[in-house]
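The structure appears right after this line, and notes come after that.
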Amino acid sequence: MSMGKMTTALLKSLGILTKPIRDAHTINGQSTQTTLLSALQRNLSELHEHLSADGEPEEARQLLEDVRREITWVYNDTVDVTWSFVQELLLLLLCLARHLTLLLDAFQQSPAVTTPGTPEAAPPLPPDVLSVVQQKTLASVLQFVVTLGLCPYLAPGVGVPLGLRSAFGVAVEDAVSRDVAPAGERRLYITTNVLLEVSTLSSLATPVFTRHLGDIMAALCQLAYRPHRPEGDGTKSNKGLTVEERKSCREALHNLLGKVYQPIVIKELLVLQGGPKQASSGSRSGSAGGKALTQAPAWLRRLCGQLLSDRLMQPYGVQAVVRAILEGHGGGDSDWKKCDAVAKILAACPQQSLSAESYYSQVCPQVLELLHFKDKLTAQQFQRVATRTALTMVQDRPEFAHRFLLGPLFAPLHCCADEKGNYQSQDAVEEWELTCCIEDLYKICVVGNSPSEVLMKALRDVIPTLFSLFCFTKHNVSHLRTPCQEILMWCLSHSEPSEALSLLKLLCGLMGDVGGVRHGFQFLPGSEGGARLGVIESISDEDDALYEKVSGEQWKVQCLVQLLGEMKEGDLPGEFFLLLLENLTAVAAEQEEGFEQEIDTSSMTLLELEQHLLERASGHGQRLALLQTIAIMCEGLPHTLLLRKPTQVVGFIVSMLQRACVGLEECGADSPVESQTLSMGIGLVATLLSGADEFNSNDYSSMAALLPPLEQISQKHPEPVIQELASDLRATIATHGAYHSESVPRASNQSRPAQTAGHSLNTHPTKTSSPKQQTNPTSIKNPTVQGQLTSTHSHNSKDSPSISVSRVHTPPMSHPNRATVPAEAPKVSTHTTELKSEHTVKQTGVRISDGFVQPSKVFSACLLEACDPDVPTRAVALRSLTRFCKDGDKAAFQNKDKLLTLFLENLEHEDSFVYLSAIQGLAVLAESFPEQILQKLLGEYHTGASEGSPKREHSLETRLKVGEVLMRASRAMGDLAPHYGRPLIGVFLSGTRDEDSSVRASSLSNLGELCQRLDFSLGPLAQELSTCLTALIKTDREAEVRRAAVHVITLVLRGLSDKTTQVLADVLLELYRALKWVVRSDPDEVAKLHAQLALEELDDVMRRFIFPQQKLEKKIVVLP
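Numbering-wise, the numbering used here puts 862 at position 573 of the sequence shown, and it's gapless, one number per residue.
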């Protein structure tokens, strides 16, 4: 008999036992219990007949008899039909398991040799592989064994009762006879051992454990750990298990728990723990039997808790617990609740643990590992659990969380700042370490969003390092930039205001060195877009080292300001700005005191003198850092973010007045800076109070801080008018608007002279702004105040009306004679002059109080103010005149010669605000009147060839500024470039022979901007242009000139594009050879880079010329 037939015969015998009887429920009207027993008895009889028949294989009968003689637990004289049925099933299962084991051993020792057929022939199957029908039969057998031989003998509360599984389970429980031999516990022991023995074979273990693992675990727990009860369990012959048998059950349980997939084990242990303690008898009922869910006994709950704790503290135990609870759930609110529940379980130390320290030392690293999952299906749930667990641990057990959770989490950042670290390799911190650290921090802090004192303290300790990393990512393309920015913003927004302000002062260098990275190391780009900590390359030149240090500090301040710019919904930027202004006032006071107190250094020792000089240098450095931070904040942040609350506006005014008071005590009214500061501060207060009808008591209360500086001004200022105005303002604030003085609205109107002109320029020369917009601010958030604040930091704005609105201390459209006032005029307060005289405004024809402004008079007033010695006034006027030219104003057209002369004179001004405004004006003028203006500009740019030229030689700076104007004009020409550009090319080519390298480079830059717009008009000049560029590339000694010449070729090729081969046909080879010469021979790397870019442009042009794009089109010609 073949081995395959033996397997088939055993499975056929098992199939006979489990064969269902049709219509069993209706036979003679019998009950379900009686029908079940009769069906089991009938199947047993049929099995015996089958085994005694002659057609049954003798080997199968012999194996069954051998197994029956070998085992000792068979009861032949039992009267319980169900147990007789189970015994036969167990015997046949043992026979099948042993037979398959023999087959598998023989197959492994001498595997069958397959005939060499095709290469893709499949290997032979092991003999223990069952067919689908055989697997179905085996599943039915196992179900009968567990239902009749295992579940009925479990104690109440152990496992899930049969009555709660199905309606048929109730009949099974009633059909079992527990008061006959063998005892119930002995039956349970026999069934469990047989199932464990059968499961040693892998092909049989799969159906056993996938369907009945929970029942087997429940049986082993009862057999191994159930307390001995002298009164027995209700049977007459219960002798219980021996000590050896209970010990073997314990070992079997632990072996089973160790080799099965841990999430499944944890699920079954949770089920074994049973329902909650408070479940009453009527609170829950079975789905069919109507019985309550029995509470698990105390010994089983303790045992399951201990086993669960053991599973949790094993390697990957946390992951197993999370998978057991969350696997198979797609999300939603219930998923969030489960994640929180798991987090609470993991964060709480179980009672069965030996010590809290050992528990957290093993669990915390596993919690951090949950954050690193890449699988999209499980990563989100795992990260939720890890985040909530970490935050719960930090809140509930801060001492252990700091040691075992936050310590490893922040370790890479601490390592970056640790000066004691001894690293042999070049990279002190690897890229993957920093990446994991930042990503984990982002998930816990930003995504978790549950700040606590311990977490915030640990995060603040590494903020300097984190900020240094953020500054590095701003220099490069890095995926760490966004998480670093979000973490920093989260820390600043969730810290206490005082702590957040201290952090900001530390980061911008106001409290000494920012630190964050150990000496001699710096962040370097990583290979995967991250960052690593490496050794700094030494810089031998002290000047270069100093430049790197200063530029690095400035870059950090700029990054900090950009970070504050992202906090649009918070008050922190404004509070920090006011704090800096207060520090500036304190620095001014200390500086004045320092001038008075001269320290005698003659009596100091060398050590004391060195310490004194170091402290003095440190103080100077912090003052410079303060001024730099304020300047960058004013330039980089809008006033709506700096002063977004009324209290912040008042704080800004208070700081201004206090700073003016400090200067007033030392310098009186002679200092122009303090005078203008005082004028602006008083003008802002007057502007606020001019709309006092809309104020409430809270607004006046917030302005109470203005009372002390106003009182000091009213007592110490030398000008009686200022004293009177300060006293009136103080009285208005102190009385909450009950006292009104005529000087307050007059000062408000005179402090905003340019606002009306700005409004008229913003709309149209013939339109006006309403009187309400001009003279009646209605609240503390008035746009006028915001515009005035803009003037303190927006001198580089390109929008002239916004600047003209912003001027506070600008005189009202100056007196006609004011244009002749020398720069050394008496230093008196411009605001005092405004208060003393109003006829100046009347002489210009501009009336602030009226609703109409004559455009011609506004233009005349701007012409006069363009000659004002006051730098902001002059720059605002120049930009206003530029706006007139851009809008096509008639007065500007009539006075274009005057405007040209005025703009050219202001080109030589030393202040960038003035000469940049003049450059912008000349460019607009050249765009509006190209024929007349370009010729004059070319004359200014070309200084004359002979030494005896009567024309005055222009300075180098002025010629470069005129070159900038011509370049802007070239850009603005557009399609008119071929018409107006011919004279420009001659001047630019002449400029390439200038003695100064800056002029040569400027001429080449302008030449490139113009030539790329000439198209076919460049053809006649191609030979001359090529000769000039080739000569400069090969002969000029200055690298910047060679770079500019190569860049001209790039711009020409880029501008001509597909027309290159037509326009530059005669010189293209010459230009190509010049570019190749640069790539091979030029010592300057930047010039080589420019040449490479030009060659790429030429390569694209030639590819399109040689391989034109194919157009699939059909031409249809209609014949006449």
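Don't be surprised by glycine CBs; every beta carbon is placed ideally from N, CA and C.
7 Å Cβ shell around residue i - same chain, five flanking residues per side excluded
i            : result
residue 1321 : 1281, 1330, 1331 and 1334
residue 942  : 970, 973, 974 and 995
residue 915  : 799, 869, 872, 873 and 876
residue 676  : 732, 733, 736 and 737
residue 431  : 496, 497, 500 and 501
residue 1250 : 1196, 1204 and 1208
residue 838  : none
Minimum C-alpha distance to residue i - residue among the options
i            : options                  : result
residue 456  : 321, 590 and 666         : 321
residue 978  : 995, 739 and 1274        : 995
residue 353  : 299, 366 and 394         : 299
residue 659  : 643, 729, 689 and 339    : 729
residue 820  : 761, 1173 and 1207       : 761
residue 936  : 990, 946, 918 and 560    : 990
residue 593  : 641, 615, 336 and 632    : 641
residue 967  : 1007, 931 and 992        : 1007
residue 1298 : 1284, 1309, 1256 and 412 : 1256
residue 1002 : 747, 840, 993 and 1018   : 1018
residue 845  : 824, 793 and 900         : 793
residue 364  : 631, 390, 385 and 470    : 470
residue 555  : 506, 538, 534 and 536    : 506
residue 1365 : 1004, 1381, 644 and 427  : 1381
For residue i, the first and last residue of its enclosing alpha helix (DSSP H)
i            : result
residue 1023 : 1009-1023
residue 336  : 321-341
residue 434  : 421-438
residue 358  : 347-359
residue 810  : It is not in any alpha helix (DSSP H) - residue 810 instead sits in the beta strand (DSSP E) that spans 810-814.
residue 505  : 491-514
residue 817  : Element bounds for residue 817: n/a, residue is neither H nor E.
residue 231  : What the structure shows of the chain is the stretch from 290 to 1409, and residue 231 is not part of that stretch, so it cannot be assessed.
residue 395  : 370-398
residue 855  : Here residue 855 belongs to no alpha helix (DSSP H), and DSSP marks it neither H nor E.
residue 529  : Looking at the DSSP string, residue 529 is not in any alpha helix (DSSP H), and its letter there is neither H nor E.
Buried/exposed call for residue i, threshold 16 Cβ in 10 Å
i            : result
residue 458  : buried
residue 309  : exposed
residue 809  : exposed
residue 666  : exposed
residue 1336 : buried
residue 1147 : buried
residue 779  : buried
residue 318  : With a pLDDT of only 47 at residue 318, under the threshold of 50, the placement of this residue in the model should not be trusted; the figure read from the coordinates follows. When all chains shown are included, residue 318 counts as exposed.
residue 1253 : buried
residue 1168 : buried
residue 965  : buried
residue 722  : buried
residue 1490 : With the chain running from 290 to 1409 in the structure shown, residue 1490 is simply not present.
residue 610  : buried
residue 615  : buried
Contacting residues, own chain, Cβ-Cβ under 6 Å from residue i (five flanking each side not counted)
i            : result
residue 370  : 326, 329 and 330
residue 1025 : 989
residue 1020 : 1028
residue 849  : 796 and 797
residue 397  : none
Delimiting residues of the beta strand (DSSP E) encompassing residue i
i           : result
residue 822 : 820-824
Neighbourhood of residue i by C-beta, 8 Å cutoff - its chain only, sequence neighbours within 5 removed
i            : result
residue 436  : 451, 458 and 461
residue 1272 : 1223, 1224 and 1227
residue 775  : 731 and 735
residue 1278 : 1292, 1296, 1313, 1314 and 1317
The ligand GTP heavy atom lying under 7 Å from the CB of residue i
i            : result
residue 1204 : This structure lacks the ligand GTP, and indeed carries no ligand of any kind.
Ignoring anything shorter than 4 residues, give me the alpha helix (DSSP H) runs that lie fully in the region 603-651, in order along the chain.
Whole alpha helix (DSSP H) segments, 4+ residues: 606-615 and 622-636.
Every unbroken alpha helix (DSSP H) within the region 1282-1352, with a cutoff of 4 residues, ordered by chain:
Taking 4 residues as the minimum length, the alpha helix (DSSP H) runs contained wholly in the region 1282-1352 are 1286-1300, 1311-1324, 1328-1345 and 1349-1352, in order along the chain.
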